[in-house]
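Just so you know, the protein sequences line up as chains A and B, in that order. Quick note on the numbering used here: the first sequence kicks off at 1 and runs consecutively. Quick note on the numbering used here: the second sequence kicks off at 328 and runs consecutively. C-beta atoms are modelled at their ideal positions from N, C-alpha and C, and glycine is treated no differently. Data first, discussion second: the structure below is written as structure tokens.
2 protein chains.
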Amino acid sequence: MSLATASRVLGGSTRVVGDELRDAVHKAAAELGYSANLQARAVARGTSDTMGVVVHDIADPYFSTIAAGVMDVAYTGKMVVSLTSTSADTDRELAFVAVMRAQRARALVLIGSRTDNARATDELRAELRIFTRSGGRVVCVGQDVLGVDTVRPQNAEGARDLAKALAGQGHRDFVVLAGPPGLRTANDRVAGFRVGLADSGIELPDSAVISGPFTRDGGYEAAGIALASRTTPTCVFAVNDVMAVGALACLRASGVAVPDDVAVAGFDDIPTLQDVTPPLSTVALPLFRMGEMAARLALRPADDDQQRVVPISGQVLLRQSSAITRR
Amino acid sequence: MSLATASRVLGGSTRVVGDELRDAVHKAAAELGYSANLQARAVARGTSDTMGVVVHDIADPYFSTIAAGVMDVAYTGKMVVSLTSTSADTDRELAFVAVMRAQRARALVLIGSRTDNARATDELRAELRIFTRSGGRVVCVGQDVLGVDTVRPQNAEGARDLAKALAGQGHRDFVVLAGPPGLRTANDRVAGFRVGLADSGIELPDSAVISGPFTRDGGYEAAGIALASRTTPTCVFAVNDVMAVGALACLRASGVAVPDDVAVAGFDDIPTLQDVTPPLSTVALPLFRMGEMAARLALRPADDDQQRVVPISGQVLLRQSSAITRR
DNA sequence: CGCTCAATGGAAAACGCTTTCCAAAGATCG
DNA sequence: CGATCTTTGGAAAGCGTTTTCCATTGAGCG
Chain A
1 MSLATASRVL GGSTRVVGDE LRDAVHKAAA ELGYSANLQA RAVARGTSDT
51 MGVVVHDIAD PYFSTIAAGV MDVAYTGKMV VSLTSTSADT DRELAFVAVM
101 RAQRARALVL IGSRTDNARA TDELRAELRI FTRSGGRVVC VGQDVLGVDT
151 VRPQNAEGAR DLAKALAGQG HRDFVVLAGP PGLRTANDRV AGFRVGLADS
201 GIELPDSAVI SGPFTRDGGY EAAGIALASR TTPTCVFAVN DVMAVGALAC
251 LRASGVAVPD DVAVAGFDDI PTLQDVTPPL STVALPLFRM GEMAARLALR
301 PADDDQQRVV PISGQVLLRQ SSAITRR
Chain B
328 MSLATASRVL GGSTRVVGDE LRDAVHKAAA ELGYSANLQA RAVARGTSDT
378 MGVVVHDIAD PYFSTIAAGV MDVAYTGKMV VSLTSTSADT DRELAFVAVM
428 RAQRARALVL IGSRTDNARA TDELRAELRI FTRSGGRVVC VGQDVLGVDT
478 VRPQNAEGAR DLAKALAGQG HRDFVVLAGP PGLRTANDRV AGFRVGLADS
528 GIELPDSAVI SGPFTRDGGY EAAGIALASR TTPTCVFAVN DVMAVGALAC
578 LRASGVAVPD DVAVAGFDDI PTLQDVTPPL STVALPLFRM GEMAARLALR
628 PADDDQQRVV PISGQVLLRQ SSAITRR
């Protein structure tokens, strides 16, 4: 029994190996507790089964839900996923992509909003080009600015529809709690919301847009600023659900009733947050499925070599947090 | 300029390379977009910088928060983490450990409750032994049954303390929503809770323990069963927060007021769930820090070769969901 | 019965690195 | 000024696989 034979039976080669010999190999491997060194295999084969995934913050349910979708199809595709949580730091993202390239990963899924930072975007694009040129596939869940296959949530359109729906309910005086300045997802949602309001004959002054971190605490603080600086609006739109939940907490702490005194709406429809009270008006995104789609794109190359962009439309969900009661 | 020299400057060798030569290498690498093949390096060096992490469900905030802690220290330790989400399937867990061994990972962090399944536990223990014997380090966040370093939340003690606290508030008639039957974390919490009640002179009949999936929906359903099958208890203890939230939703849907009609308590103090209403009484676990500790154990071997077990005590937090109002 | 061909085993080259070992060239020193 | 160190560069061996290429064997067939 030679190394070649052993490799053939253990490595899933196409070559047929005789029955007795195959059994002998298996038996020996079992006895020795031997298992092939995947790194060596990767070197020899020139390809690995690694898929890189980057998220901004794995503890944020938005990302963890999408990641769960990605990992699910990665699992069925027998891929090993390397994950990193970048704290939305573009340099860390870039560095991870470089590591994945060094690791000769087969695919890369970048989950999360792109930024307005042109330098960072250019650098990333350059790094990705090298990655793809050597045969790697990359997919982005976010904005289509990298020139790679992307699963693109329709943030502007969703926010626009939400604005119209809220205006349709009779809300007139809005405040929006935006995310951090450079984040495209936040910007797109604010812009879309503004368009929706304009369509309804409502203007949203810049002074009514308060930015803050994309987190629960960010929402809490932004809501506090809104409360302090203005005559109370009738409706607060937080650009994502976790900020909305923070806002709810702040309003509650300040003795402002939702939705009686002021309405609140969010974005994403995070599953974990479906049970907050009052139930949050929001625009629902199929987070888990988005992850699945991204992973599938990453695993299956395009037939023609074209870039694929899958738009994901959000569904406006008016729930109790924006209900019109008395007022 | 030879390959050896290039390797020395790019690979961070201890050998000194002359300045001009080093610069030349860097320049060439930059021009060619070259980056060393980490797999080949791992083969040559006989060790890699991979850390494997397994969780039951990455979309569950309990796991994602711990994982965030793990990844944070993994990042500072320049480790690449491979993550898998097993759906609490012991076979998948075992398979992943095997893959990590094949990958020659340096460390492995197993996050999540062990089960009562003796066969699965034995198999895993055997696989882990092979892994450690070849130099890998493994850490478990959960019960100390694998014979490896473990970060051990004091589930029984926490639940006992919670039971006492609730009994101290005057609650007498309890129902507990347990997790799936074989899950140790669930069992430990139920058992501890029972002890705490006994200490307070209260008996918890088996009929008052309803098991169900460890999820929001599991909590919802279990609460429904509790409501249907019994005269309403005065206090419902769900063995984790996400089930408690499901229970809250079910109670709300059934028109049962919390805490006026029935109190509710959970376990974990999930950050994402801190804003549910009414605020959940629970026992707080430092999830993120637990992840950090686990990763640190995984990266630094014990001085003596002893097994290290770090007990993590939970802190009882009585909030409004269990407040005694009128009644 | 000799020939061709399919099936299967093994030797050895290749994958892309690291590292040991040797060599050459200065530097140091008595 | 020659001998001995100390640097630093390069050749080559080694890491653990896969895979190509050849060799052997036995079956099938006219």
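The Cβ-Cβ distance between V81(A) and L410(B) falls below 8 Å. Counting along the chain, P480(B) sits inside the beta strand (DSSP E) bounded by residues 476 to 480.
In this structure, R172(A) sits away from V195(A), with a CB-CB distance that is not shorter than 8 Å. Of all residues in the region 361 to 373 of chain B, only S362, A363, N364, L365, Q366, A367, A369, V370 place a beta-carbon less than 8 Å from a beta-carbon of chain A. Under a criterion of Cβ atoms nearer than 9 Å, no residue of chain A is adjacent to L359(B); the nearest Cβ is some 10 Å distant.
The C-alpha of V239(A) lies about 46 Å from the C-alpha of R41(A). Against chain B, a Cβ distance below 9 Å from T272(A) picks out A386, D387, P388, R543, V569, V572, I597, T599, L600. Collapsing the DSSP output to three states places L612(B) in coil. At a Cβ-Cβ threshold of 8 Å, D57(A) and V242(A) do not count as neighbours. Taken in chain order, the complete beta strand (DSSP E) segments of 3 or more residues contained in the region 439 to 525 of chain B are 464 to 468, 476 to 480, 501 to 505.
Contact of M79(A) with chain B is not assigned, every C-beta pair being separated by 8 Å or more. Residue contact check for Q430(B) against chain A: a CB pair falls below 8 Å. For M71(A), same chain residues with a beta-carbon under 6 Å away, outside a window of 5 residues either side, are V81 in chain order. A check of alpha carbon separations from T50(A) across I529(B), A363(B), Q430(B) identifies Q430(B) as the nearest. Here the alpha carbons of Q470(B) and R372(B) stand approximately 34 Å from one another. If you look at T65(A), you'll find it in the alpha helix (DSSP H) that goes 61 to 76.
Contact with chain B is absent for T325(A), since none of that chain's Cβ atoms lies less than 8 Å from the residue's Cβ. Neighbours of S391(B) across chain A, judged by C-beta separation under 7 Å: I58, A59, S64. Identification of residues in the region 455 to 477 of chain B having a C-beta nearer than 7 Å to some C-beta of chain A yields I457, given in sequence order. With a cut-off of 8 Å on Cβ pairs, the region 419 to 430 of chain B is not in contact with the region 83 to 98 of chain A, counting fewer than three such pairs. By the neighbour-count criterion, in which 16 or more other beta carbons inside 10 Å mark a residue as buried, M328(B) falls on the exposed side. The CB of M71(A) comes closer than 8 Å to the CB of I385, L410, T411, S412 in chain B, given here in chain order. Taking 8 Å as the threshold, the shortest C-beta distance from S375(B) to chain A falls below it. Taking CB atoms only, T76(A) has no neighbour in chain B less than 8 Å away. Of the candidates V344(B), C467(B), S340(B), C467(B) places its Cα closest to the Cα of P638(B). According to DSSP, residue pairing for A263(A) in a beta bridge involves C235(A). Taking all protein chains shown into account, G52(A) has 16 or more neighbouring C-beta atoms within 10 Å of its C-beta and is therefore buried.
Just measuring C-alpha positions, the residue of Y34(A), L38(A), G112(A) sitting nearest A67(A) is G112(A). Nearest CB-CB separation between T90(A) and chain B: not below the 8 Å threshold. For A447(B), the CB contacts under 6 Å within the same chain, skipping 5 residues up- and downstream, are T417 in chain order.
With respect to the 8 Å criterion, T282(A) and D303(A) are not classified as neighbours on the basis of their beta carbons. For L410(B), the uninterrupted beta strand (DSSP E) run begins and ends at 407 to 412, by DSSP. Among the CB atoms of chain B, none fall inside 8 Å of the CB of L317(A). Using a Cβ-Cβ distance cut-off of 8 Å, the region 475 to 485 of chain B and the region 530 to 545 of chain B are not in contact, since fewer than three pairs of beta carbons, one from each stretch, lie closer than that value. In terms of Cβ geometry, P279(A) and P259(A) do not form a close pair [threshold 8 Å]. Between the alpha carbons of G618(B) and I202(A) lies a gap of roughly 48 Å.
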